[in-house]
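Engineer:
There are 4 protein chains.
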Amino acid sequence: MGAVKSKRMPRAVREQQMLDAAVRTFGQRGYMAASMDEIAELAGVSKPLVYLYLNSKEDLFTACIRREAAALTEAVRAGVHPDLPADRQLWEGLRAFFTHTARNPDGWAVLHLQARTHGEPFAAEFTAMREEIAALVTQLILAAAREAHRDPDLPEREVAGLAEALVGAAESLAAWANATPGVTARQAAATLMNFAWAGLGDLMAGRPWSPPEEPERAQAG
Amino acid sequence: MGAVKSKRMPRAVREQQMLDAAVRTFGQRGYMAASMDEIAELAGVSKPLVYLYLNSKEDLFTACIRREAAALTEAVRAGVHPDLPADRQLWEGLRAFFTHTARNPDGWAVLHLQARTHGEPFAAEFTAMREEIAALVTQLILAAAREAHRDPDLPEREVAGLAEALVGAAESLAAWANATPGVTARQAAATLMNFAWAGLGDLMAGRPWSPPEEPERAQAG
Amino acid sequence: MGAVKSKRMPRAVREQQMLDAAVRTFGQRGYMAASMDEIAELAGVSKPLVYLYLNSKEDLFTACIRREAAALTEAVRAGVHPDLPADRQLWEGLRAFFTHTARNPDGWAVLHLQARTHGEPFAAEFTAMREEIAALVTQLILAAAREAHRDPDLPEREVAGLAEALVGAAESLAAWANATPGVTARQAAATLMNFAWAGLGDLMAGRPWSPPEEPERAQAG
Amino acid sequence: MGAVKSKRMPRAVREQQMLDAAVRTFGQRGYMAASMDEIAELAGVSKPLVYLYLNSKEDLFTACIRREAAALTEAVRAGVHPDLPADRQLWEGLRAFFTHTARNPDGWAVLHLQARTHGEPFAAEFTAMREEIAALVTQLILAAAREAHRDPDLPEREVAGLAEALVGAAESLAAWANATPGVTARQAAATLMNFAWAGLGDLMAGRPWSPPEEPERAQAG
DNA sequence: CATGAATGAGAGTTCATTCAT
DNA sequence: CATGAATGAACTCTCATTCAT
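Taken in order, these protein sequences are the chains called A, B, C and D. With the numbering used here applied, the first sequence corresponds to residues 1 to 221, in that order. With the numbering used here applied, the second sequence corresponds to residues 222 to 442, in that order. With the numbering used here applied, the third sequence corresponds to residues 443 to 663, in that order. With the numbering used here applied, the fourth sequence corresponds to residues 664 to 884, in that order.
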């Protein structure tokens with residue numbers, strides 16, 4: 001049922017197998033309902049080996065969070081090109097985000113659902129990642145203000161709130177896109193981009209933000 | 222510490238005491254870490270009575286989710302007056318939402334953190350509430366379109382995505398507002414209203430949406 | 443195999459059954475080798491009940507030590523009549539000691555072998571009992587000195603050493619008497635009394651201490 | 664921290680290193696709490712080598728007991744000179760005993776605390792040593808009787824009991840001396856010699872046994 | 001109804017022990 | 001020989017759940 005069983009692998013490889021199994025199990029069952037037995041079996045190893053390499057359920061969970069957080073952050077960062085205008089940067093970042101979460105739903109569940117829900121040590125790991133991304137977004141918002149030749153008199157907390165709202169909307173749309181068949185990462189990104197950049201008011205007034213045409217995948221149906 | 226112990230109360234009252242205790246315990250400890258012992262003690266009743274009335278931990282948790290979901294939905298619905306213009310309706314709905322979640326943090330934690338995190342049966346309950354609120358928001362968006370004298374060529378799914386984004390942003394800001402000292406429900410609502418209605422683009426261009434003045438609570442300190 | 447299984451007993455009774463089983467198991471297997479499973483089975487209850495009543499293996503062990511220490515101390519104290527001369531008091535105390543340890547070998551093993559061997563918390567319990575008995579013996583030694591009309595210029599530490607030696611000899615003889623078939627408590631007491639009171643020197647010189655004749659059991663063969 | 668690591672040592676040497684580490688670990692942690700990992704690390708060898716040389720934890724423990732028992736027996740035997748009068752022989756033997764146990768506390772803990780406490784196979788090893796020493800003491804008692812020109816009508820079992828008592832008192836005093844700062848081996852031996860030879864009766868009557876003056880170590884500070 | 005007594009099932013964790021290299 | 005990789009079996013402890021009274 002789990003990975004193909006093969007003996008005597010170097011530690012680093014086994015550890016990744018374990019983390020794979022753990023992310024999947026934590027993501028699907030939840031932190032507390034996931035049992036070390038199940039994780040070990042899915043990883044194709046015995047339980048003592050899991051403990052030998054990763055010490056405890058808490059440490060294993062933390063390792064999962066760290067790995068997934070790093071992967072997600074890296075994916076988003078890789079998508080953003082700092083030379084582009086602010087709206088294009090946001091667009092690229094969102095696309096990377098939705099693509100990554102769609103391809104890695106268990107990892108996303110670990111971060112989004114499990115890490116926050118099970119106490120400080122884990123929530124702190126998640127918060128660290130969230131703040132890193134929120135900082136990115138905040139930079140974007142300020143850059144957009146500069147591009148609009150305005151020194152935004154928005155107080156710092158207001159900007160933080162906006163970033164929070166944007167990240168929350170993205171998180172929510174990621175879950176929605178994963179759960180709704182036929183919604184692509186690109187479409188989710190477009191929806192959010194419209195929402196965030198133009199605002200409902202402009203949208204309703206017929207002034208949507210328009211995504212740049214890309215050669216690789218046609219948008220018009 | 223728990224409810225005042227008194228004998229022979231009608232079943233409905235006892236049940237509410239149990240749900241109160243359960244919501245508090247689930248909200249603070251989490252679903253799995255909460256023990257039936259603790260809930261029974263906090264409710265001031267014996268454990269077998271909890272089982273007599275609510276059958277099992279799962280059923281008890283489901284009952285909590287249902288009650289809190291109904292209360293939140295009702296609060297939002299009560300805040301919205303269908304005669305107002307769309308943006309005012311949204312504004313009132315958001316205010317009601319942030320006020321309710323701020324006053325009822327354990328209930329909100331049960332919904333936002335616990336219900337989604339512990340498997341299908343519970344997540345479905347949460348999703349039902351979410352969709353009810355999203356439907357409300359969808360109506361608002363369509364109403365806004367009508368007010369703008371435009372038949373929006375936005376496909377149904379696009380509107381659903383916008384509603385999803387708005388709800389997600391609200392959820393995220395509720396947690397942020399609860400966790401950040403000094404942020405009131407009104408401020409959270411204003412931040413989100415700005416973000417949603419005007420959009421980042423307009424905001425950066427210096428065209429924010431402005432909340433209506435209200436007599437009931439002075440803003441200047 | 444264990445006690446007759448009967449359900450629904452009052453807590454106090456069940457607790458004693460558990461302690462009985464625990465003393466027997468700890469005494470025979472040793473603290474660490476004894477498993478809670480075995481103790482529970484021998485007590486005729488389920489493991490969770492043991493934990494419900496006695497909290498943990500450590501607490502259970504401590505409870506065993508306390509119970510057995512109290513029983514032994516009480517037995518010795520009950521045997522000693524303060525009105526008798528010092529040598530008779532010592533004689534009675536030793537008889538009580540050997541009788542009790544012979545009738546209760548598992549309890550004695552718990553005290554003598556297990557309590558000292560498994561770390562401070564337990565050793566301290568044992569030491570407390572040991573010091574209580576040593577204090578009794580010390581009083582006896584000083585009383586003997588008074589009876590001999592001498593103010594013993596033995597330093598305090600010397601007296602402590604003598605008490606330690608006497609208690610150690612008694613402990614050793616108790617194990618020996620239990621292990622050697624046909625050695626009665628009375629005989630063990632006589633041997634130790636001779637050794638302690640007369641000393642090897644006097645014994646070899648043909649001047650033994652002679653136990654008082656008792657009606658119940660004839661001494662001469 | 665452990666032994667200096669160096670390759671290719673003859674088997675006998677490696678084995679002694681392992682036994683050194685094992686005695687130390689068993690003595691300080693106890694048999695069950697001592698882990699083979701810790702012992703191997705302290706010995707500076709790999710775990711499989713420990714198994715190659717010593718087969719199992721049980722065998723390793725048995726080997727420790729045997730080595731320490733032999734060392735202690737040898738030390739006592741070496742201290743006794745058969746030409747001396749009986750009391751002097753006893754005195755020398757006790758001094759050797761207390762000196763050895765004081766210098767080798769871990770080995771003594773293995774014998775005195777661990778060997779007896781963990782089941783028959785080990786207790787038997789300890790008992791064997793104990794009987795060897797007790798036999799030595801028995802000879803001494805009989806020699807003392809001969810010196811007193813008396814054919815003691817003490818039955819064989821009585822003599823065995825006396826030896827047992829003496830050995831037990833010595834064991835107890837060894838632990839006491841090790842645990843009480845400032846008590847030397849010589850003082851412990853003197854206390855026991857007084858107790859055993861003169862008896863409490865003579866001691867209280869002001870007729871102690873007096874240790875011979877020795878040139879080797881000055882007593883006055 | 002309310003309660004104390006009781007448990008089946010399973011959780012995380014550790015350890016002595018072995019093999020392939 | 002030495003080592004890293006690996007495990008079967010056992011342990012302590014917890015919890016949702018149910019009777020008998």
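C-beta atoms are modelled at their ideal positions from N, C-alpha and C, and glycine is treated no differently. Note that the structure is predicted; figures quoted are calculated from it, not measured.
Taking the alpha carbon of A:Leu-72 as the point to measure from, which residue in A:Ala-177, A:Pro-48, A:Phe-61, A:Gly-107 has its own alpha carbon closest?
Structural biologist: Comparing Cα positions, the closest option is A:Gly-107.
Engineer: Shortest alpha-carbon distance to C:Val-465 belongs to which of C:Ile-481, C:Met-451, C:Met-474?
Structural biologist: The residue with the shortest Cα to Cα distance from C:Val-465 is C:Ile-481.
Engineer: Taking 7 Å as the limit between beta carbons, can you name the residues of its chain near D:Ile-804, skipping five residues before and five after?
Structural biologist: Answer for D:Ile-804: Val-822, Leu-825, Ala-826, listed in chain order.
Engineer: Using beta carbons (cut-off 8 Å, strictly below), is B:Ala-329 in contact with chain A?
Structural biologist: The amino acid at residue 329 of chain B is misidentified as Ala; the sequence shows Trp. No, its Cβ sits nowhere closer than 8 Å to a Cβ of chain A.
Engineer: My output table needs one value for C:Val-522: the three-state DSSP class, helix, strand or coil.
Structural biologist: Note: C:Val-522 maps to coil in three-state DSSP.
Engineer: Distance cutoff 8 Å, beta carbons only. Does B:Leu-334 sit that close to anything in chain A?
Structural biologist: Answer yes: the Cβ-Cβ gap between B:Leu-334 and chain A drops below 8 Å somewhere.
Engineer: For the alpha helix (DSSP H) containing D:Glu-767, name the first residue and the last one.
Structural biologist: The question names Glu, yet the displayed sequence has Asn at residue 767 of chain D. No alpha helix (DSSP H) contains D:Asn-767, which DSSP labels as neither H nor E.
Engineer: Under a CB-based cut-off of 8 Å, is B:Met-253 close to chain A?
Structural biologist: Interface residue, yes.
Engineer: Would you please state the rounded distance, in angstroms, between the beta carbons of C:Ala-586 and C:Ala-632? I believe it to be under 8 Å.
Structural biologist: 18 Å between Cβ atoms; not a contact.
Engineer: Between C:Ala-638 and chain D, is the shortest Cβ-Cβ distance under 8 Å, so that the two count as touching?
Structural biologist: So yes, C:Ala-638 belongs to the interface.
Engineer: Suppose you measure from the CA of D:Met-699 to the CA of A:Thr-127; what does that come to, to the nearest Å?
Structural biologist: Looking at the two C-alpha atoms, the distance is approximately 42 Å.
Engineer: Using beta carbons (cut-off 8 Å, strictly below), is C:Asp-501 in contact with chain D?
Structural biologist: No, C:Asp-501 does not count as interfacial toward chain D.
Engineer: Should the stretch 553 to 566 of chain C be called in touch with the stretch 500 to 507 of chain C, which here means at least 3 C-beta pairs below 8 Å?
Structural biologist: Yes: the two stretches touch, three or more of their Cβ pairs being nearer than 8 Å.
Engineer: Any C-beta of chain C within less than 9 Å: which residues of the stretch 731 to 758 of chain D qualify?
Structural biologist: Of all residues in the stretch 731 to 758 of chain D, Ala-749, Asp-750, Leu-753 have a Cβ within less than 9 Å of some Cβ in chain C.
Engineer: Given this structure, state the Cα-to-Cα distance separating D:Gln-882 from D:Gly-845, to the nearest angstrom.
Structural biologist: Caution applies to D:Gln-882, whose pLDDT of 44 falls short of 50 and renders its modelled position unreliable; the model cannot decide the point.
Engineer: Tell me the DSSP secondary structure of C:His-554 in three-state form.
Structural biologist: In this structure, C:His-554 counts as helix in the three-state DSSP scheme.
Engineer: Quick one: which chain C residues come within Cβ less than 7 Å of D:Thr-854?
Structural biologist: Ordered by position in chain C, the residues that pass the 7 Å Cβ test against D:Thr-854 are Glu-600, Gly-603, Leu-604, Ala-607.
Engineer: Does C:Leu-615 get closer than 8 Å to chain D when you measure Cβ to Cβ?
Structural biologist: Yes, its Cβ sits closer than 8 Å to a Cβ of chain D.
Engineer: If I follow the unbroken alpha helix (DSSP H) through C:Trp-618, where does it start and stop?
Structural biologist: That run of the alpha helix (DSSP H) goes 598 to 621.
Engineer: Compare the beta carbon distance of B:Leu-275 and B:Met-230 with 8 Å and say whether it is the shorter of the two.
Structural biologist: Not a contact, by the Cβ cut-off of 8 Å.
Engineer: Classify D:Leu-753: buried if its beta carbon has 16 or more other beta carbons within 10 angstroms, exposed otherwise.
Structural biologist: Answer is buried; the Cβ neighbour count reaches 16.
Engineer: A:His-100 touches chain B at which residues, Cβ-Cβ below 7 Å?
Structural biologist: Ordered by position in chain B, no residue passes the 7 Å Cβ test against A:His-100, which lies about 17 Å from the chain.
Engineer: Applying the criterion that 16 or more other CB atoms from any shown protein chain within 10 Å of the CB defines a buried residue, is B:Ala-254 buried or exposed?
Structural biologist: Counting Cβ neighbours within 10 Å, B:Ala-254 comes out exposed, since fewer than 16 surround it.
Engineer: When the Cα atoms are used, what is the spatial distance from A:Val-13 to D:Gln-691?
Structural biologist: Each residue's alpha carbon lies about 38 Å from the other.
Engineer: With a CB to CB cut of under 7 Å and the five nearest residues on each side skipped, what residues in its chain are close to C:Leu-608?
Structural biologist: Hits under 7 Å: Val-579, Ala-638.
Engineer: For C:His-523 and D:Val-739, I'd like the C-alpha separation in whole angstroms.
Structural biologist: Whole-angstrom Cα-Cα distance: 41 Å.
Engineer: For chain A, check one thing: does any of its Cβ atoms lie closer than 8 Å to the Cβ of B:Thr-338?
Structural biologist: It does; some Cβ of chain A falls within 8 Å.
Engineer: Less than 6 Å between C-beta atoms, sequence neighbours within five positions excluded: which residues of the same chain meet that for B:Arg-288?
Structural biologist: Closer than 6 Å at Cβ, skipping near neighbours: Leu-240.
Engineer: Can you check which of these residues, B:Arg-367, B:Gly-251, B:Pro-326, B:Ala-369, is closest to B:Lys-278 by C-alpha distance?
Structural biologist: Residue B:Gly-251 is the option with its Cα nearest to B:Lys-278.
Engineer: What is the rounded straight-line gap between the Cα of C:Arg-545 and the Cα of D:Leu-715?
Structural biologist: About 45 Å.
Engineer: By a C-beta neighbour count over all protein chains shown, 10 Å radius and 16 as the cutoff for buried, is D:Thr-847 buried or exposed?
Structural biologist: Exposed is the call here.
Engineer: Using the Cα positions of B:Arg-232 and B:Phe-318, report the straight-line distance between them to the nearest angstrom.
Structural biologist: Distance between the alpha carbons of B:Arg-232 and B:Phe-318 is about 30 Å.
Engineer: Does A:Ala-128 have its Cβ less than 8 Å from a Cβ in chain B?
Structural biologist: False, the Cβ-Cβ gap to chain B never drops below 8 Å.
Engineer: Which whole-angstrom value describes the C-beta separation of A:Ala-69 and A:Glu-125, a residue pair presumed to lie in contact below a C-beta threshold of 8 Å?
Structural biologist: At roughly 7 Å, the Cβ-Cβ gap stays under 8 Å, so A:Ala-69 and A:Glu-125 are in contact.
Engineer: Applying the criterion that 16 or more other CB atoms from any shown protein chain within 10 Å of the CB defines a buried residue, is D:Ser-709 buried or exposed?
Structural biologist: Per the 10 Å Cβ criterion, exposed.
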